[in-house]
Amino acid sequence: MYLCSAQHQRRALGFEDGPLFGATVIGSILTMYISTWSDGEVCYMFLCKVADHSANEVENMIRKWETQGGKEDIKQQNRDAIDL
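Be aware that the sequence shown starts at 59, since it is given in my numbering, and climbs by one per residue.
Here it is as structure tokens:
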């Protein structure tokens, strides 16, 4: 609700359209909220269990790093990212 109101307030004040972000933590679960304009309507995206996803990504990266082929792949990805 707040993100919808904030999007309308931005437009009323003449600001450019853009994403707005919010977050809640309930217990140990972080949920991120994003709203943006699309075809004249406010659209929402919800990112749930962000901490779980991040922890899994780190674990997967460490496992990959511990293999010779994986280590070389990660190094190449980093070189490619720098060259962009």
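No residue lacks a Cβ here, since even glycine has one placed at the ideal position from N, Cα and C.
Nonlocal neighbours in the same chain, by C-beta distance under 6 Å from residue i, ignoring five residues either side
i: ALA109; result: LEU88
i: SER93; result: LEU61, GLN65, LEU78, VAL100, TYR102
Nearest-angstrom Cβ-Cβ length linking residue i and residue j, presumed shorter than 8 Å
i: MET90; j: LEU105; result: 4 Å
Nearest candidate by alpha-carbon position, reference residue i, set the options
i: GLN67; options: VAL83, TRP95, LYS133, GLY85; result: TRP95
i: GLY98; options: HIS111, GLN134, MET119, ARG69; result: ARG69
Beta-carbon contacts of residue i that lie in its chain and below 7 Å, excluding the five residues immediately before and after
i: LYS107; result: ILE87
Problem - Secondary structure, alpha helix (DSSP H): runs of 4+ residues fully inside the segment 87 to 127 - result: 108 to 123
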